[in-house]
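S.K.: Protein chains in written order, with numbering that gives the first Met the number 0: chain A, 0 to 124; chain B, 0 to 583.
Sharing a structure below in structure tokens format, with a few things to ask.
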Amino acid sequence: MKKLEIYEPAMCCSTGVCGVDVDTTLVQFAADLQWVAEQGVEVARYNLSQQPQAFAANQDVVKEMDAGMDRLPVVAVDGHIVSSGIYPSRSQLMQKLALMPETTAQTVAVPAIESACCKPNSGCC
Amino acid sequence: MGLPALDTRYLFFTGKGGVGKTSLSCATGIALAESGKRVLVVSTDPASNLDEVLGVTLSSTPTPIPEVAGLFALNIDPEVSARDYRERMVSPYRGVLPPAAIQSMEEQFSGACTVEIAAFDEFSALIGHPEKTRDFDHVVFDTAPTGHTLRLLSLPSAWNGFIESSTSGASCLGPLAGLEKQRALYAATVAQLADARQTSVVLVSRADLSALREAERASRELGALGILNQVLVVNGLFQAGTSADAIANAMARRMEEALAAMPEILATLPRFETPFMPKGMVGIAALRALSEPDSGSPAPDAISAPPDLPGFNRLVNDLEKAGHGVIMTMGKGGVGKTTIAAAIATELAQRGHSVLLSTTDPAAHVAATIESPVEGLSVSRIDPAAEVEKYRQEVLEKTANSLDANAMAMLEEDLRSPCTEEIAVFRAFAKTVEAGKRAFVVLDTAPTGHTILLLDAAEAYHREVMRMQGDMPDSVRRLLPRLRDTDFTRVIIVTLAEATPVHEAERLQNDLVRAGIKPYAWAINQSVLASGTHDPLLAERGQYEIPFIRKVAGELSPRCVLIPWLAEPPVGSKGLAQIAGAVA
């Protein structure tokens with residue numbers, strides 16, 4: 000079984016509603032991860048403020064953070080980093096996991112413009 | 000008049016800041032102890048002065064109160080607990096993770112939510128471990144968890160974030176990460192609160208609409224969670240004596256009217272009333288007087304004049320000089336932000352300026368009150384409830400089909416958090432501030448320093464990281480630098496000459512300064528000292544205000560005005576004109 004791990008910046012609400020605008024990317028991402036899990040992939044989502052031990056345990060991720068906190072979120076498949084600095088779309092996730100699309104799956108467009116929300120260094124909550 | 004005679008093991012006092020929770024919980028504790036019970040009074044309010052009130056140095060373990068046999072007290076500062084908790088979570092990673100990561104983690108544990116959770120953690124520790132309070136017949140708490148906290152804690156999805164394979168991500172209860180083992184304990188605590196045989200909730204209010212509204216909200220939220228064993232105490236009820244002057248009569252009448260207009264949900268609760276006490280409730284003797292009214296105090300020998308402070312007109316003169324810009328009044332609910340904002344706006348308009356007054360006052364009260372239109376003054380409303388609803392609809396529309404039931408429940412609860420209301424109002428507020436380029440804009444609301452930092456960080460993130468503007472409206476993006484520009488924006492902090500309001504206003508100020516905004520002035524509102532009353536009880540209250548006025552004028556504010564309590568309510572152009580005309 001493949002393993003997908005997401006290392007995310009410290010945030011206090013997964014939906015970003017406590018920011019200036021709800022972050023549709025985050026909300027969509029949550030749904031996409033749900034779908035990926037349903038395809039039989041083991042999904043683990045680590046938040047810097049809640050599961051720091053996961054970050055500390057992965058030297059590659061620490062190296063990314065050294066290069067800049069904006070490298071988060073870092074996405075890893077089976078322990079290898081496949082992307083940094085963005086939330087992949089469902090099709091990007093599928094590609095990286097070599098998943099076949101469901102025949103009934105909708106193509107989900109990640110909004111090109113991101114809204115502000117509970118981003119790193121925002122002291123929300 | 001009198002305190003409720005409650006016999007449940009746990010008693011929780013709840014109410015907005017300054018209504019008298021600490022005084023009443025202590026007075027209740029004393030009464031119970033003096034009836035032969037062993038009582039523990041617990042404070043988990045960072046602003047509480049339990050030590051001072053009881054006259055004993057307290058700690059986080061029960062300390063006996065020498066003057067009252069059977070009475071013990073303990074004081075927990077949730078801000079200290081939150082700090083300890085933050086350190087516990089972060090310190091293992093210093094040196095392991097980059098400094099920027101550490102800083103980011105620390106900030107997540109620095110918000111008000113963390114303090115609220117830490118306070119709840121302390122409650123649970125006491126309630127959930129009966130052996131800690133085994134020696135006591137009653138445990139009395141001078142604060143209670145909010146409905147929001149309790150609801151969040153009962154959402155299953157709130158806890159899922161901590162299971163390794165979760166896909167639901169972070170939750171507003173992020174800070175709970177290290178407390179996961181406590182889940183069962185928290186569930187037991189919430190159940191305990193709802194058990195009417197074990198727990199009573201005392202809603203503390205004053206005879207004023209603002210406090211009553213707050214009590215109503217608490218009553219409803221707690222009731223929705225099954226916490227139904229509630230009573231209402233109206234504290235500080237003033238009754239004018241036979242020789243009362245105009246001020247005293249007006250005050251008594253105003254209180255009667257507020258009680259008559261009490262929200263229905265409160266009107267059905269068992270109600271108790273405690274008298275107006277001119278001095279702060281400090282010391283056992285003063286607290287005993289709450290349960291034994293009519294002790295009668297002699298008239299003070301001399302009534303000192305209020306400290307010499309500039310009047311309201313001087314403040315407006317200074318504000319006028321810029322010719323345009325934004326003036327914001329800030330302060331906790333009920334201190335008079337709307338009144339002061341309206342007074343400033345009408346005065347500026349009457350001096351010939353173009354003024355937009357924007358208010359969050361419900362029911363268009365202010366707009367209605369300025370009946371005869373003042374030339375140059377236009378009034379607009381920001382309705383917080385409508386803004387939140389608008390924002391909520393927007394969010395739900397965007398997310399309608401993409402979330403499962405659990406995630407949806409989480410989102411809905413996030414939308415009920417106080418943060419959301421602030422954001423929704425902030426967006427409306429930002430649009431209004433735009434007008435300050437050409438005219439005077441007076442607002443009776445302002446974002447807290449916390450919100451500003453949050454938005455600032457979001458903005459910085461966008462500028463540096465995303466390299467795109469995002470959906471943030473222009474008005475919001477320009478807002479932040481404007482708020483920090485003291486030539487463009489003047490913040491006036493409004494408070495009362497009482498302990499808790501001054502304390503709360505000080506914290507508001509510190510929060511703003513942290514966000515790079517330096518308040519321009521303070522207005523001490525509703526001063527009984529400055530009212531000119533000769534009523535003995537009220538005159539005594541006036542004397543009690545002096546140290547607080549001195550503190551504000553001397554230490555906390557760069558400039559300060561004193562606004563008297565007015566017999567005729569400052570409502571309507573004529574009513575408001577009293578403020579400009581009044582000599583402090």
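Positions of the beta carbon are idealized from the N, C-alpha and C atoms, including for glycine.
1. Would you please verify whether the beta carbon of P97 of chain B is less than 7 Å from any beta carbon of chain A?
2. Identify the continuous beta strand (DSSP E) that holds E42 of chain B and give its terminal residues.
3. CB L478 of chain B to CB V441 of chain B, shorter than 7 Å?
4. For the 8 Å Cβ check, are there 3 or more pairs between the region 323-337 of chain B and the region 495-511 of chain B?
5. Could you tell me whether any Cβ in chain B is nearer than 7 Å to the Cβ of G39 of chain A?
6. Leaving aside the five residues before and after K336 of chain B along the sequence, list all residues of the same chain whose C-beta is less than 8 Å from its C-beta, in chain order.
7. Do we get a CB-CB distance below 7 Å when we pair S48 of chain A with the residues of chain B?
8. Report all residues from its chain with a CB closer than 7 Å to the CB of T132 of chain B; omit the five preceding and five following residues, and keep chain order.
9. Where A81 of chain B and A117 of chain B are concerned, what is the direct C-alpha to C-alpha distance, given to the nearest angstrom?
10. Report the option in A:P87, A:L98 and A:E4 whose CA atom is closest to the CA atom of V42 of chain A.
11. Grab me the residues of Q468 of chain B's own chain with a C-beta within less than 6 Å of its C-beta, minus the 5 sequence neighbours each way, in chain order.
12. Name the two residues that bound the continuous beta strand (DSSP E) containing P563 of chain B.
13. Using 7 Å as the threshold, is the C-beta distance between T598 of chain B and T267 of chain B below it?
14. Note down the Cα distance separating S357 of chain B from A438 of chain B, rounded to an integer number of angstroms.
15. On the three-state DSSP scale, how would you describe S88 of chain A?
16. State the Cα-Cα distance for the pair I283 of chain B and I64 of chain B, rounded to the nearest angstrom.
17. Measuring CB to CB, does A496 of chain B end up less than 7 Å from I548 of chain B?
18. Does the separation of the CB atoms of A9 of chain A and S530 of chain B fall below 7 Å?
19. When the cut-off is 7 Å and only beta carbons count, does A56 of chain A lie next to chain B?
20. Count the CB pairs spanning the region 9-26 of chain B and the region 191-206 of chain B that are closer than 8 Å, and state whether there are at least three.
21. For V570 of chain B and G279 of chain B, what's the separation of their Cα atoms in angstroms?
22. Exposed or buried, what is E412 of chain B when buried is set at 16 or more other beta-carbons lying within 10 Å of its beta-carbon?
23. State the Cα-Cα distance for the pair S585 of chain B and E272 of chain B, rounded to the nearest angstrom.
24. From G160 of chain B to Q50 of chain A, what distance separates their C-alpha atoms?
25. Helix, strand or coil for G209 of chain B? Go by DSSP, reduced to three states.
26. Using a Cβ cut-off of 8 Å, pull out every chain B residue sitting near D59 of chain A, in sequence order please.
27. Residues in its own chain within less than 7 Å of S290 of chain B by CB, not counting five upstream and five downstream?
28. Does P51 of chain A have its Cβ less than 7 Å from a Cβ in chain B?
29. Under 8 Å Cβ-Cβ, which residues of chain B neighbour M64 of chain A?
30. Distance check for A404 of chain B and I85 of chain A, CA to CA, integer angstroms please.
31. Please state the DSSP three-state secondary structure of N57 of chain A.
32. With DSSP collapsed to three states, give me the class of H137 of chain B.
33. From what residue to what residue does the alpha helix (DSSP H) around F311 of chain B run?
34. State yes or no: is the C-beta of M64 of chain A within less than 7 Å of the C-beta of P97 of chain B?
35. Hey, does Y92 of chain B have any beta-carbon neighbour from chain A nearer than 7 Å?
36. Identify which residue in B:L482, B:G541, B:A522 and B:W521 has its Cα closest to the Cα of R513 of chain B.
M.R.: Here's the rundown:
1. yes
2. For the record, residue 42 of chain B in the displayed sequence is Ser; it is not Glu. Here the beta strand (DSSP E) through S42 of chain B covers V38 to S42.
3. no
4. yes
5. no
6. T328, M329, G330, D443, T444 and V493
7. yes
8. L39, L125 and V138
9. 5 Å
10. A:E4
11. Interpretation of Q468 of chain B is limited by its pLDDT of 39, a score under 50 that renders its predicted location unreliable; no figure is taken from the coordinates.
12. C559 to P563
13. Since the first residue shown for chain B is 0 and the last is 583, residue 598 of chain B is missing from the structure and cannot be characterised.
14. 13 Å
15. coil
16. 10 Å
17. yes
18. no
19. no
20. yes
21. 29 Å
22. buried
23. Not covered by the structure: residue 585 of chain B. The range shown for chain B is 0 to 583.
24. The pLDDT assigned to G160 of chain B is 40, lower than 50, so where the model puts this residue is not dependable, and the model offers no usable value.
25. It should be noted that the sequence gives Ser, not Gly, for residue 209 of chain B. S209 of chain B: helix per DSSP, three-state reduction.
26. In chain order: nothing, as chain B lies at least about 13 Å away.
27. G1, L2, A26 and A30
28. yes
29. L96, P97, A99 and A100
30. 26 Å
31. coil
32. strand
33. F311 to E319
34. yes
35. yes
36. B:L482
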